[in-house]
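Heads up, the thing below is written out as structure tokens.
In the working numbering, the protein residues as written are 2 to 230.
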């Protein structure tokens, strides 16, 4: 029971620190002081240290020797790699099932799609939560724990990229339903290649939008993307 309570405490601290980072209460590049967080959460430094280690594994913070932890300053290249990896894991899952999406997965995808309708920029945390839930279903369905674990390691990298690097949040919120409906419709068809293409195109549109926003001129990235699957 004590171990369970300790785990719950650590997870609560992880959620709280993550929220502070996403809401820019703790800014990119800012040093995180364990002692200050321990005082704020009325706990010892042990749970704080473990929470920071988890956030480091999620790619949200970085540890530097003799300096400590700080919020990672996410680059466009980081985002590119996150989306490239996510796409590959989802395509692996679809190909493993030969495009035959389980009925329970289809039901959950449809439920998530319904929640995506009418999302606004004011609900941007929900925009990315729904996005992650949708894509996680595409990975979970293959039943391969290592693939799921590898995908989940990119989970908050995707959230972080969305919060920090997407400029037109209103436009992103408005197109969530339509862009994911394309993937859903491909899943309904049962055509493996069509599903894989829909996933690949979905992620590339996000990358291309970031490139436009940040004026990144790197045609080799599109070439690499097309050759990676």
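Here a beta-carbon is modelled for each residue, glycine too, at the ideal position from N, C-alpha and C. None of these values were measured; they are calculated from a predicted model.
Subject >> Buried versus exposed, by CB contacts within 10 Å (16 or more), residue 15 >> reply: buried
Original post:
Shortest alpha-carbon distance to residue 222 belongs to which of 25, 85 and 27?
Top reply: 85
Original post:
Quick one: what's got a C-beta closer than 8 Å to residue 198's C-beta in the same chain, skipping five residues either side?
Top reply: 187
Subject >> Proximity to residue 153 [Cα-Cα], best of 108, 89, 195 and 202 >> reply: 89
Original post:
Which term fits residue 213, buried or exposed, when burial requires 16 or more other beta carbons within 10 angstroms of its beta carbon?
Top reply: exposed
Original post:
CB-CB under 8 Å to residue 219, same chain, minus the five flanking residues each way: which ones, in chain order?
Top reply: Cβ within range, chain order: 212.
Original post:
Does residue 155 get closer than 8 Å to chain C when you measure Cβ to Cβ?
Top reply: In the displayed structure, chain C is absent; only one protein chain is listed.
Original post:
Does the distance from the C-beta atom of residue 142 to that of residue 106 stay below 8 Å?
Top reply: yes
**OP:** Would you kindly work out how many angstroms separate the C-alpha atoms of residue 129 and residue 185, rounded to a whole number?
**Re:** 17 Å
**OP:** Closer than 7 Å by C-beta to residue 51: which residues in its own chain qualify, once you throw out the five before and the five after it? Chain order, please.
**Re:** Taking residue 51 as the centre and dropping the five residues before and after it, the same chain places the C-beta of 11 closer than 7 Å to its C-beta, in chain order.
**OP:** Report the three-state DSSP secondary structure of residue 94 (helix, strand or coil).
**Re:** helix
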